[in-house]
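**Q** Could you have a look at this structure, given as structure tokens, before my questions?
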Ligand code: FES
């Protein structure tokens with residue numbers, strides 16, 4: 023073995039990276055799903071939404087939660103992103119491979135890489151938007167939704183897709199559940215969460231003019 | 039039943055003659071009943087083109103030498119019936135393995151390297167006594183070992199794997215499955231640390247991205263997902279336990 027390799031040999035590294043990829047991923051999925059549940063409280067009325075939002079403010083949960091999620095997201099991006107080939111030749115091989123194989127799980131991985139990068143940018147914009155319009159209240163949220171509904175629509179779709187496929191992949195890799203049933207369960211959960219998200223968006227748009 | 043005329047588009051390239059660029063050659067053939075790709079290729083070679091290169095030995099899905107990419111998917115040619123395919127059939131050699139010519143690839147060298155890297159033999163300190171009765175093994179364990187052991191080393195899992203296509207050092211499902219076979223075997227005395235040396239890295243268990251093209255394309259239908267996740271879980275548990283010492287410079 024080459025001396026630079028001997029000196030930097032760390033047999034634990036690959037195990038830890040794999041564990042971190044999984045752990046950060048699961049954190050982000052749980053956050054996203056909880057976040058969508060919280061947002062959809064608007065369906066129950068602006069009072070409920072504002073009450074929840076104030077609760078997070080009073081106990082400083084938002085001030086810890088938002089930066090924490092941003093950091094976890096960044097770690098996830100770097101660690102999961104290590105799998106994406108960075109040279110042109112390998113990228114060409116992957117595309118050609120996927121087109122030829124016509125295999126769902128191979129395609130979903132490619133989309134996973136693309137949506138991951140898109141989410142990095144969109145989620146950053148989203149965090150910037152909410153923090154400059156702090157605090158989060160039904161009225162300010164409705165205004166944002168009025169102006170940027172298309173942005174939230176894209177982020178919702180990409181985020182949900184990435185989260186569900188990512189979680190499916192975790193189950194596949196670690197083999198805790200059989201593949202086909204878990205794929206079905208995750209599809210159902212995704213449909214529910216997306217429906218809640220769309221419902222919330224619709225309510226916000228209705229509120230928008232009144233607020 | 040009216041017989042179809044099949045159109046084969048076959049990859050042609052001879053590494054011995056690099057001046058001729060790779061191309062797809064077309065052959066037309068009358069379909070006959072019970073025709074496999076194995077039968078079709080032999081007919082093409084006998085009647086149309088004696089220069090076509092491809093591999094076969096057992097023609098019964100036992101030896102694993104006839105794997106190729108049929109209409110985009112890696113599988114065994116002798117196990118693939120033409121009646122299950124459309125009239126246009128494309129044949130490509132397996133990727134990842136060294137191309138011998140046209141459809142023939144050298145899987146042997148790859149599998150030998152893999153067997154050496156994974157030390158695919160029972161590691162034991164027991165002295166072998168040729169006169170003693172063989173040790174008994176309970177049926178459940180024997181069955182468990184037999185599952186991964188059904189691998190015919192055709193290379194379809196490796197060819198279908200995106201990671202293996204871009205990482206030459208990746209052991210692939212075949213390699214990790216092989217390790218699983220020895221982990222299950224009570225006669226192999228290797229410790230988790232020793233196995234970790236073999237597959238506890240991105241070249242092994244942690245390199246798999248979980249795309250499962252191996253599992254979906256295995257002609258022997260070995261439950262590769264089960265084997266891969268079994269090894270991955272074991273290796274993670276070991277990796278998190280590991281203590282390393284730094285060399286002081
Ligand atoms: S010829 Fe032996 S497996 Fe096909």
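Residue numbers (the numbering used here), protein chains in the order written: chain A, 23 to 233; chain B, 39 to 287.
Note that CB positions come from ideal geometry on N, CA and C, so glycine has one too.
1. For residue 198/B and residue 90/A, I'd like the C-alpha separation in whole angstroms.
2. To the nearest angstrom, report how far apart residue 186/A and residue 209/A are at their CA atoms.
3. Run through DSSP, which three-state label would residue 233/A get?
4. Using DSSP with H/G/I as helix, E/B as strand and the rest coil, what is residue 51/B?
5. Who are the neighbours of residue 172/B on chain A, taking C-beta pairs under 7 angstroms?
6. If I measure Cβ to Cβ from residue 109/B and keep anything under 7 angstroms in the same chain, skipping five residues before and after, which residues do I get?
7. List, from N- to C-terminal side, the beta strand (DSSP E) runs of 3 residues or more that fit wholly inside the region 142-176 of chain B.
8. Under 7 angstroms, CB to any heavy atom of the ligand FES. Which residues pass, going along the chain?
9. Give the DSSP bridge partners of residue 111/B, in chain order.
10. I'd like to confirm the pairing. Which residues does DSSP put opposite residue 290/B in its beta bridges?
11. So the candidates are 196/B, 162/B, 111/B and 137/B; which of them puts its Cα closest to the Cα of residue 60/B?
12. With H, G and I counted as helix, E and B as strand and the rest as coil, what does DSSP make of residue 138/B?
13. Compare the Cα-Cα distances from residue 190/B to each of 72/B, 102/B, 263/B and 214/B and report the closest residue.
14. For the beta strand (DSSP E) containing residue 66/B, name the first residue and the last one.
15. So, helix, strand or coil for residue 36/A, using DSSP?
16. Using 8 angstroms as the limit for Cβ to Cβ distance, is residue 219/B near chain A?
17. Residue 153/A lies in the alpha helix (DSSP H); which residues open and close that run?
18. Going along the chain, which residues of the region 240-257 of chain B sit with their C-beta nearer than 9 angstroms to a C-beta in chain A?
19. Would you list, in chain order, the members of the region 48-60 of chain A that have their beta-carbon closer than 9 angstroms to a beta-carbon of chain B?
20. My understanding is that residue 43/B touches residue 255/B, with C-beta atoms under 8 angstroms, so please give their C-beta distance in whole angstroms.
21. Closer than 8 angstroms, CB to CB, is residue 41/A near chain B or not?
22. How would you list, in chain order, the residues of chain A whose beta-carbon sits under 8 angstroms from the beta-carbon of residue 271/B?
23. Measure from the alpha carbon of residue 217/B to the alpha carbon of each residue in 179/B, 265/B and 46/B, then state which is nearest.
24. Provide the residue span of the beta strand (DSSP E) that contains residue 126/B, from first to last.
25. Need the endpoints of the alpha helix (DSSP H) that residue 208/B sits in, please.
26. Check the Cβ-Cβ distances between residue 282/B and every residue of chain A, and say whether any is below 8 angstroms.
27. Using a C-beta cutoff of 8 angstroms, does residue 277/B count as contacting chain A?
28. I'd like the list of long-range same chain contacts for residue 233/A, defined as Cβ closer than 8 angstroms, with 5 residues on each side in sequence excluded.
29. Quick test of your reading: residue 132/B and residue 107/B, contact by CB under 8 angstroms. State the CB separation rounded to the nearest angstrom.
30. Would you say residue 252/A reaches chain B, if we count a Cβ-Cβ gap shorter than 8 angstroms as a contact?
31. Under 9 angstroms between beta-carbons, which chain A residues line up against residue 229/B? List them in chain order, please.
32. Using a C-beta cutoff of 8 angstroms, does residue 48/B count as contacting chain D?
33. So what does DSSP say about residue 45/B, is it helix, strand or coil?
34. In terms of residues, what are the limits of the alpha helix (DSSP H) holding residue 95/A?
**A** Considering the structure as presented:
1. The residue labelled residue 198/B in the question sits at position 160 within the second chain. The residue labelled residue 90/A in the question sits at position 68 within the first chain. Computed Cα separation, rounded: 38 angstroms.
2. Here residue 186/A refers to the residue found at position 164 of the first chain. Here residue 209/A refers to the residue found at position 187 of the first chain. Distance between the alpha carbons of residue 186/A and residue 209/A: 7 angstroms.
3. As a first step, residue 233/A must be located in the first chain, where it is residue number 211. Interpretation of residue 233/A is limited by its pLDDT of 44, a score under 50 that renders its predicted location unreliable; the figure taken from the coordinates is listed afterwards. Assigned with DSSP and collapsed to three states, residue 233/A falls in coil, not helix or strand.
4. Here residue 51/B refers to the residue found at position 13 of the second chain. Three-state result, residue 51/B: coil.
5. Residue numbering aside, residue 172/B sits at position 134 when the second chain is read from its first letter. The contacting residues do not exist; residue 172/B stays about 32 angstroms from chain A at best.
6. Your numbering for residue 109/B matches position 71 in the second chain. Cβ neighbours of residue 109/B beyond the five flanking positions: 123, 127 and 128.
7. 142-144
8. 76/B, 94/B, 95/B, 96/B, 97/B, 98/B, 99/B, 100/B, 101/B, 102/B, 103/B, 104/B, 114/B, 115/B, 116/B, 117/B, 190/B and 192/B
9. Residue numbering aside, residue 111/B sits at position 73 when the second chain is read from its first letter. The partner list for residue 111/B (beta bridge, DSSP) reads 108/B.
10. Residue 290/B is absent from the structure shown; chain B starts at 39 and stops at 287.
11. Here residue 60/B is taken as the residue at index 22 of the second chain, counted from 1. It is 137/B.
12. What you label residue 138/B is simply residue 100 of the second chain in a count that begins at 1. Reduced to three states, the DSSP call for residue 138/B is strand.
13. Here residue 190/B corresponds to residue number 152 of the second chain, with the count starting at 1. Residue 190/B has its Cα closest to that of 102/B, out of 72/B, 102/B, 263/B and 214/B.
14. Taking the first residue of the second chain as 1, we reach residue 66/B at position 28. Its beta strand (DSSP E) spans residues 61-68.
15. For this step, residue 36/A is matched to residue 14 along the first chain. Three-state result, residue 36/A: helix.
16. Numbered from 1 along the second chain, position 181 holds the residue referred to as residue 219/B. Answer no: the Cβ-Cβ gap between residue 219/B and chain A never drops below 8 angstroms.
17. Position 131 of the first chain, counted from the first residue, corresponds to residue 153/A. Here the alpha helix (DSSP H) through residue 153/A covers 126-154.
18. 240, 241, 242, 243, 244, 245, 246, 247, 248, 249, 250, 251, 253, 254 and 255
19. none
20. Against the second chain, residue 43/B aligns to sequence position 5. Against the second chain, residue 255/B aligns to sequence position 217. Not confirmed; about 28 angstroms, so no contact.
21. Working through the first chain from its first residue, we reach residue 41/A at position 19. Closer than 8 angstroms: yes.
22. Sequence index remark: in the second chain, residue 271/B carries index 233 (1-based). Chain A residues near residue 271/B: 196 and 197.
23. Locating residue 217/B in the second chain gives position 179, counting from the first residue. The candidate whose alpha carbon is nearest that of residue 217/B is 265/B.
24. One-based indexing of the second chain puts residue 126/B at position 88. Its beta strand (DSSP E) spans residues 126-130.
25. Your numbering for residue 208/B matches position 170 in the second chain. Note, residue 208/B: premise wrong, no alpha helix (DSSP H); not H, not E.
26. Taking the second chain and counting its residues from 1, the one referred to as residue 282/B is at position 244. It does: the Cβ of residue 282/B has a partner Cβ on chain A nearer than 8 angstroms.
27. Residue numbering aside, residue 277/B sits at position 239 when the second chain is read from its first letter. So yes, residue 277/B belongs to the interface.
28. Here residue 233/A is taken as the residue at index 211 of the first chain, counted from 1. Bear in mind that a pLDDT of 44 at residue 233/A, under 50, signals an unreliable position, so the model cannot answer this.
29. Indexing the second chain from 1 puts residue 132/B at position 94. Indexing the second chain from 1 puts residue 107/B at position 69. Rounded, the Cβ-Cβ distance is 6 angstroms, consistent with contact.
30. A question about residue 252/A goes unanswered here, because the residues of chain A that appear run from 23 up to 233.
31. On the second chain, position 191 is the one that residue 229/B refers to. The contact set of residue 229/B on chain A, defined by CB atoms closer than 9 angstroms, is empty, because the minimum CB distance reaches about 14 angstroms.
32. Within the model displayed, chain D is absent; protein chains A and B are what it includes.
33. Residue mapping note: residue 45/B aligns to position 7 of the second chain, counting from 1. Residue 45/B falls in the strand class under three-state DSSP.
34. Counting from one through the first chain, the residue named residue 95/A turns up at place 73. Where residue 95/A is concerned, the enclosing alpha helix (DSSP H) stretches over 83-103.
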